Amino acid sequence: MNEALIRWDLKVNWKKSKVIRVARKGEECKVMIGDEQLQKVGTMKYLRVMISGGYSMGREVEARIGCASRVIGGMSRAILRRRELSNQTKLNVVNAVVMPVLMYGYEALVVHKD
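Take this note's numbering: the final residue in the sequence shown is number 145, and no numbers are missing along the way.
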């Protein structure tokens, strides 16, 4: 890894770097850089998607629902409560604004039977 960093003139802040192991079994994962061990985490956010180490997407689903709820709350007075807008217009706005927020990252969801 150090060779690639040197070749591409990249710098990594190892103190901010963390490790997550995505696996069904809770086997130990130890990543060392020099003589320092990187911090292990159970969940982390990457590209606005919550990743969990145990294949569980529950936290990501909750986070997406929370984001969509905040978007609805923010546009409630301005759009959703306006009587002069038709229900079809309101539905079009919800589909254009809320649904992408709700569905962001779902193509990466792991579907499994609990």
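Where a beta carbon is used, it is the ideal one built from N, C-alpha and C, also for glycine.
These numbers come from a predicted model, not from an experiment.
Considering residue i, what are the terminal residues of the alpha helix (DSSP H) in which it resides?
i, result
"residue 51", "Segment: none, residue 51 is in no alpha helix (DSSP H) and carries neither H nor E."
"residue 82", "Run containing residue 82: none in the alpha helix (DSSP H); it sits in the beta strand (DSSP E), 80-83."
"residue 100", "89-106"
"residue 122", "118-124"
"residue 132", "130-134"
For the beta strand (DSSP E) that residue i lies in, which residues bound it at each end?
i, result
"residue 76", "74-77"
Among the candidates the options, whose CA atom is the shortest distance from the CA of residue i?
i, options, result
"residue 109", "121, 100, 98, 99", "121"
"residue 111", "129, 61, 98, 96", "129"
"residue 101", "113, 132, 115", "132"
"residue 46", "34, 74, 65, 117", "65"
"residue 89", "74, 78, 99", "74"
Check the C-beta distance from residue i over to residue j and give it rounded, since I have them as a contact under 8 Å.
i, j, result
"residue 49", "residue 70", "5 Å"
Is the closest heavy atom of the ligand SAM to the C-beta of residue i under 8 Å?
i, result
"residue 120", "This structure simply doesn't include the ligand SAM, nor any ligand for that matter."
Classify residue i as helix, strand or coil using the three-state DSSP reduction.
i, result
"residue 67", "strand"
"residue 58", "coil"
"residue 38", "helix"
Given 8 Å, three or more beta-carbon pairs between the stretch 100-109 and the stretch 72-84: Judged by pairs of C-beta atoms under 8 Å, the stretch 100-109 does not touch the stretch 72-84, as fewer than three such pairs exist.
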